[in-house]
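The structure appears right after this line, and notes come after that.
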Amino acid sequence: MYGRSRVLSQAETARKLGVTPRTLRRWVQSGYFPHPFRLGRTPYYSEQTVKDWIDDQINTAH
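In terms of this note's numbering, the sequence shown has 1169 at position 17, counting the first letter as 1, and numbering is strictly consecutive.
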């Protein structure tokens, strides 16, 4: 069986990153943050994708 990552809403993702949903949308539009997947019109993020992005930011800061 495949491992499943928790799914985060746009608001949950923004809260985890310490930014507003508007800032998160700007980051996505500029290519700074990965694009969400959509179910219908609603954007969602994989929790693993968010964790990996945070790790990448930490590693590139050093």
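Note that CB positions come from ideal geometry on N, CA and C, so glycine has one too.
Note that the coordinates shown come from a computational prediction; the quantities given were computed from them, not determined experimentally.
Can you tell me which of the three DSSP states Arg1174 falls into? helix
6 Å Cβ shell around Thr1188 - same chain, five flanking residues per side excluded: It should be noted that the sequence gives Pro, not Thr, for residue 1188. So the qualifying residues of the chain are Pro1195, Tyr1196, Tyr1197.
Reducing DSSP to helix, strand and coil, say where Arg1190 ends up. strand
C-alpha distance - Arg1158 paired with Leu1191, whole-angstrom precision: 15 Å
Taking just the CA atoms, how far does Arg1193 sit from Gly1170? 24 Å
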